[in-house]
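Residue numbers (my numbering): -14 to 741.
Where a beta carbon is used, it is the ideal one built from N, C-alpha and C, also for glycine.
Since we're looking at a predicted model, the values are computed, not measured.
Below is one structure, written out as structure tokens; the observations come after it.
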């Protein structure tokens, strides 16, 4: 208890009833939650199995469990329910599968499985994938379920598009037939159970926990909130910890209004604010607070620290993304040479598309790096093949898994045979595995094909039988051997096949690791348990702990911290993202919260870069610095390179009194015409003009011509300074200029001043 400050201690000692903790970045919320759980066990004699703690990543759950193991001992910690929302829901569903309309051997389908299922639904309904995008359909289904709705019960479009409604029903029917659930189903099915007053399983769940604690509460969606509210309805002992300043997942259903409106459902809740930052230097804390204070709506909090000022935040302006990448790679190399471990260095960007040039620069200096949230280990083809074998052994109804491995390695079973099995499954309303049994019994696919299918069926049945006695790691070794999968890779003897063999060896290692770790959480190692762990792994959970520089989007950086951070691409329409500076104020607020999260990941040093132009998504953009740079306090910042506070800012768009803001639309994609032959023109101010391409002479050759190009700054008597986006030649050459606060204007060149 001596390690806690006064607000933390008050939270830990809170005896019962609802509790709302507003925890600023780096304010020790994990420590507070851990000690609160330990205090409930030690002082209030709450049995550990009656405490549920919900986190948002497996990494956070593991860290909390390890801390509690050190405080209360391994035996007690083993009985605690600690896990992510999806992981906890999966465990409940295994136990109450029948009540939820499932078999306990259900499979959790990932993104690729879901896409395959939608594609199958499109074919079944004879709909064109070019009209009904798989991604868009899945997005609509997911949004529907996050609202607590089942596509089989309520149409996706409320009757506005009968085909989309039918797709939703067919998708859900195929999921049910495969004894499978998607990620949204995990939560939705548990919600249905805990809110069902008549269901015995629901009543048991509602009475199961005496205390429910939720971390990162600002990231909950309404289904998640309804689940924990139902689980704590009888005891009213719901403790939620979060920070509305760090709510950054609205795009996946999180609703910041839930934490802000918590007292509406729990008016008796005690509210405590954790505002002392223990992570970052004073300059970093000051910068973060200065950015987030400009949000249009937030719970007032004063983030502060007793840490020394530390290095000033370094804001560096560069010409383009290649100059940015070269600058950052050079700084990283110097940090490495000075003895800093690469694992304490991180590069953040707003979108994955920004990573390519950065990667090239890091490779040129032999700097080891990892992309967090890029291609994950479990998404590699050979790993997905082995997982498909394991999932099908566990759940033979999983059609997508059968489709993946029925001809892997090659067994001579062609697409025509697979399509015929799908037809039989559709006609008989059964799984493809059952359709395989039908085809084998009536030999309707011909003697040769039936023989090949029979060989596969016998092999698969042998694996199912072996799974009853072998550990998961031993089972994979058996699959690799008996299918010939390993032998084929060894015979290929190439760099690629060697890499795949190494990945498979690591996969077997991950199974062995699970088998040794499972008992520490009170779980008996099993195939079902391992598959569940893999299905629910997040990007940060699979981070490599080796000495490598970490590269990631700011969204992926949530929950992490590093000694030194490089925050890149701080330009209008890059960060804040295109369009988020206009329209809905909540869009801009979320971008501001995202910047706050990025800044507060840094412990000791923070470097922020921005570019005058950036080639992104196939086009060059001419950019103004991000408005968030204007919010940084001068006392905490050192600025270098191209100006980060251009003189053309329109005061009407200021984000703070007396501070320029660079306008919501200071950058736009270069129009297609600016990439034609009119890449630039030459202007004789106040006179006629010469087109650089055509070479038509002006009438006063004594006046020096000025070259005008996209990206150049010009001034207009009414609109002030702006950025040239394009030029057009003609009798009166015209310049297309974006003026912050006024938008894009097409102006005859003679009315512009090119001297500034």
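DSSP state of residue i mapped onto helix, strand, coil
i           : result
residue 305 : coil
residue 618 : coil
residue 574 : helix
residue 560 : coil
residue 543 : coil
residue 371 : helix
residue 607 : strand
residue 591 : strand
residue 476 : helix
residue 582 : helix
residue 5   : strand
residue 693 : strand
residue 182 : coil
residue 655 : Its pLDDT being 33, under 50, residue 655 is placed unreliably by the model, and nothing is read from it.
residue 626 : strand
residue 118 : coil
residue 470 : helix
residue 127 : helix
residue 682 : Any reading at residue 682 is ruled out, since the residue's pLDDT is 33, under 50, leaving its predicted position unreliable.
residue 738 : strand
residue 160 : helix
residue -5  : helix
Straight-line Cα distance separating residue j from residue i
i           : j           : result
residue 556 : residue 562 : 9 Å
residue 256 : residue 216 : 21 Å
residue 263 : residue 541 : 21 Å
residue 300 : residue 292 : 21 Å
residue 272 : residue 496 : 44 Å
residue 337 : residue 23  : 40 Å
residue 582 : residue 17  : 20 Å
residue 596 : residue 37  : 47 Å
residue 606 : residue 369 : 39 Å
residue 323 : residue 549 : 13 Å
residue 5   : residue 520 : 31 Å
residue 30  : residue 197 : 15 Å
residue 209 : residue 319 : 45 Å
residue 539 : residue 265 : 17 Å
residue 449 : residue 486 : 24 Å
residue 435 : residue 412 : 19 Å
residue 244 : residue 227 : 7 Å
residue 250 : residue 2   : 12 Å
residue 392 : residue 399 : 8 Å
residue 132 : residue 62  : 34 Å
residue 723 : residue 734 : 14 Å
residue 50  : residue 59  : 9 Å
residue 180 : residue 195 : 17 Å
residue 331 : residue 551 : 6 Å
Residue range of the unbroken alpha helix (DSSP H) whose run includes residue i
i           : result
residue 701 : Per DSSP, residue 701 belongs to no alpha helix (DSSP H); it is in the beta strand (DSSP E), 698 to 701.
residue 189 : 185 to 191
residue 499 : 480 to 502
residue 355 : Residue 355 -> not in any alpha helix (DSSP H); beta strand (DSSP E) instead, spanning 354 to 356.
Enclosing beta strand (DSSP E) for residue i [first to last residue]
i           : result
residue 599 : 598 to 601
residue 223 : 223 to 227
residue 711 : 705 to 713
residue 719 : 719 to 724
Are there three or more Cβ pairs, one per stretch, closer than 8 Å when the stretch 732 to 741 is compared with the stretch 695 to 714?
-> Judged by Cβ distances under 8 Å, the stretch 732 to 741 makes contact with the stretch 695 to 714, as three or more pairs qualify.
Residue ranges of each beta strand (DSSP E) run of no fewer than 3 residues wholly in the stretch 194 to 218, ordered along the chain?
-> Segments of the beta strand (DSSP E) lying fully in the stretch 194 to 218: 196 to 199.
Three CB pairs or more closer than 8 Å across the stretch 303 to 320 and the stretch 328 to 346 | With the cut-off at 8 Å, the stretch 303 to 320 and the stretch 328 to 346 touch.
Tell me the start and end of each unbroken alpha helix (DSSP H) in the stretch 266 to 346 that is at least 4 residues and wholly inside, in chain order.
-> Within the stretch 266 to 346, the complete alpha helix (DSSP H) runs of at least 4 residues fall at 267 to 277, 306 to 322.
For the stretch 505 to 518 and the stretch 477 to 489, state whether three or more C-beta atom pairs, one from each stretch, are separated by less than 8 Å.
-> Segment contact: the stretch 505 to 518 against the stretch 477 to 489, fewer than three CB-CB distances shorter than 8 Å; contact not assigned.
Runs of alpha helix (DSSP H) lying entirely within the stretch 17 to 103, each at least 4 residues, in chain order = Within the stretch 17 to 103, the runs of alpha helix (DSSP H) that reach at least 4 residues and sit entirely inside it are, in chain order, 43 to 57, 59 to 63, 70 to 80.
How about the stretch 138 to 157 and the stretch 72 to 82: do they share at least three Cβ pairs that are nearer than 8 Å?
-> No, the stretch 138 to 157 does not touch the stretch 72 to 82.
Determine contact between the stretch 535 to 554 and the stretch 26 to 46, defined as no fewer than three beta-carbon pairs at a distance below 8 Å.
-> Segments in contact, yes.
Evaluate contact between the stretch 191 to 203 and the stretch -14 to -2, counting only Cβ atoms and requiring at least three cross-stretch pairs below 8 Å.
-> By the Cβ test, the stretch 191 to 203 is not in contact with the stretch -14 to -2, since fewer than three Cβ pairs between them sit closer than 8 Å.
If you pair each beta-carbon of the stretch 178 to 193 with each one of the stretch 216 to 234, do three or more pairs fall below 8 Å?
-> Segments in contact, yes.
What are the start and end residues of each continuous alpha helix (DSSP H) run of 4 or more residues lying completely inside the stretch 241 to 267, in chain order?
-> For the stretch 241 to 267, whole alpha helix (DSSP H) runs of length 4 or above, ordered along the chain, are 242 to 245, 247 to 250.
Would you check if the stretch 116 to 131 and the stretch 158 to 165 touch, i.e. whether three or more CB-CB distances between them fall below 8 Å?
-> At 8 Å Cβ cutoff, the stretches do not touch.
Three or more C-beta pairs below 8 Å linking the stretch 582 to 591 and the stretch 531 to 538 | For the pair of segments examined, the stretch 582 to 591 was found not to touch the stretch 531 to 538: the number of CB pairs separated by less than 8 Å stays below three.
Inter-stretch contact (C-beta, 8 Å, three-pair minimum) for the stretch 397 to 408 and the stretch 423 to 441 = Three or more beta-carbon pairs drawn from the stretch 397 to 408 and the stretch 423 to 441 are found closer than 8 Å, and the two stretches are therefore classed as touching.
Any chance the stretch 82 to 94 sits against the stretch 372 to 387, with 3 or more Cβ pairs inside 8 Å?
-> The stretch 82 to 94 makes contact with the stretch 372 to 387; the number of CB pairs closer than 8 Å reaches 3 or more.
Pick out the complete alpha helix (DSSP H) segments inside the stretch 362 to 417, 4 residues or longer, and give them in chain order.
-> Correct list: 366 to 379, 384 to 390, 400 to 413.
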